[in-house]
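Engineer: First, the structure itself, so that you have it in front of you.
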Amino acid sequence: MDQPLIADVDDVRAFAATLPAKFLRCRDLGHNMGPHDAYPLEGGGYERILKCRSCKAKRLYLLDEDFSIINTSYDYPDGYLAERGTGRIDRDGRCVFRGAAVLADIETLSQRQGRKR
Ligand SMILES: [Zn+2]
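The structure is reproduced here in C-alpha cells:
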C-alpha cells in the first residue's frame with residue numbers, strides 16, 4: 000500500500016489518544032529545550048545536546064570548530080513519533096493535538112483548582 004502524503008485525521012486522532020499530556024503539549028506548543036550536554040570532539044568541533052524539559056526529546060547539534068552547524072538531529076522518547084508511513088501531519092492533524100492538549104489542560108487545572116465546569 001502506498002504511504003499517504005498527508006496523515007488521515009482519524010489516524011491522527013487515534014494516535015493522539017495514545018499520547019501522554021506532555022507529548023501533546025510539545026506537539027502543540029513546541030519543545031521547551033535546555034542545555035543537556037556539550038563537549039569537544041576528537042579532531043575538532045563540538046557536539047551540543049539540548050533536552051526538552053517536558054517530553055525529554057533531545058536535539059543534537061554537530062558543530063565545527065567555529066561553531067557553525069554541520070548537522071542537527073532529534074532523538075525522541077519512545078511513543079512520541081507516529082508510526083512510519085502515517086504521512087505528514089498537516090494543519091487539521093495539528094488541531095487534533097492542540098484539542099487534546101487543551102482538554103488535558105482543562106482536566107488538570109480543574110482538578111488542581113477543585114472546580115468543575
Ligand atoms: Zn518536548
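With the first letter of the sequence shown counted as 1, position 34 gets the number 33 in numbering that gives the first Met the number 0; the numbers rise by one all the way through. Quick reminder that beta carbons are idealized off the backbone N, C-alpha and C, glycines included. The model shown is predicted, which means the values in this text are computed figures rather than measured ones.
#1: Assign R87 to one of three DSSP states: helix, strand, or coil.
#2: According to DSSP, what are the bridge partners of G33?
#3: How about H30: is its Cβ closer than 6 Å to a heavy atom in ligand 1?
#4: With which residues is K57 paired in a DSSP beta bridge?
#5: Classify Q88 as buried or exposed, calling it buried when 16 or more other Cβ atoms lie within 10 Å of its own Cβ.
#6: P76 and C54 - do their beta-carbons sit closer together than 7 Å?
#7: Can you tell me where the alpha helix (DSSP H) holding D7 begins and where it ends?
#8: Just to check my reading of the structure: A100 and A20 have Cβ atoms closer than 8 Å, yes? What is that Cβ distance to the nearest angstrom?
#9: Counting along the chain, where does the alpha helix (DSSP H) carrying L28 start and finish?
#10: Relative to the C-alpha of I48, which residue among G42, G29 and I68 is closest?
Structural biologist: Based on what the coordinates show:
#1: Here residue 87 refers to the residue found at position 88 of the sequence shown. When secondary structure is reduced to three states using DSSP, R87 falls in the strand class.
#2: As a working mapping, residue 33 is identified with position 34 in the sequence shown. Beta-bridge pairing by DSSP links G33 to K50.
#3: If you number the sequence shown from 1, residue 30 lands on position 31. Yes, Cβ of H30 sits closer than 6 Å to a heavy atom of ligand 1.
#4: Within the sequence shown, numbered from 1, the residue matching residue 57 stands at position 58. Looking at the DSSP assignment, K57 forms a beta bridge with K50 and D74.
#5: For this step, residue 88 is matched to residue 89 along the sequence shown. Per the sequence presented here, residue 88 reads as Ile, with Gln not at that position. It is buried - the Cβ of I88 has at least 16 other Cβ atoms within 10 Å.
#6: The residue labelled residue 54 in the question sits at position 55 within the sequence shown. The residue labelled residue 76 in the question sits at position 77 within the sequence shown. Cβ distance < 7 Å, so C54 and P76 count as in contact.
#7: Position 8 of the sequence shown, counted from the start, is the residue given in the question as residue 7. That residue, D7, is in no alpha helix (DSSP H); it is neither H nor E in DSSP.
#8: Here residue 100 is taken as the residue at index 101 of the sequence shown, counted from 1. Here residue 20 is taken as the residue at index 21 of the sequence shown, counted from 1. That pair is a contact at about 7 Å.
#9: In the sequence shown, residue 28 corresponds to position 29, counting from 1. L28: member of the alpha helix (DSSP H) spanning A20 to L28, first to last residue.
#10: For the purposes of this step, residue 48 is taken as residue 49 along the sequence shown, with counting starting at 1. Of G42, G29 and I68, the residue nearest in Cα terms is I68.
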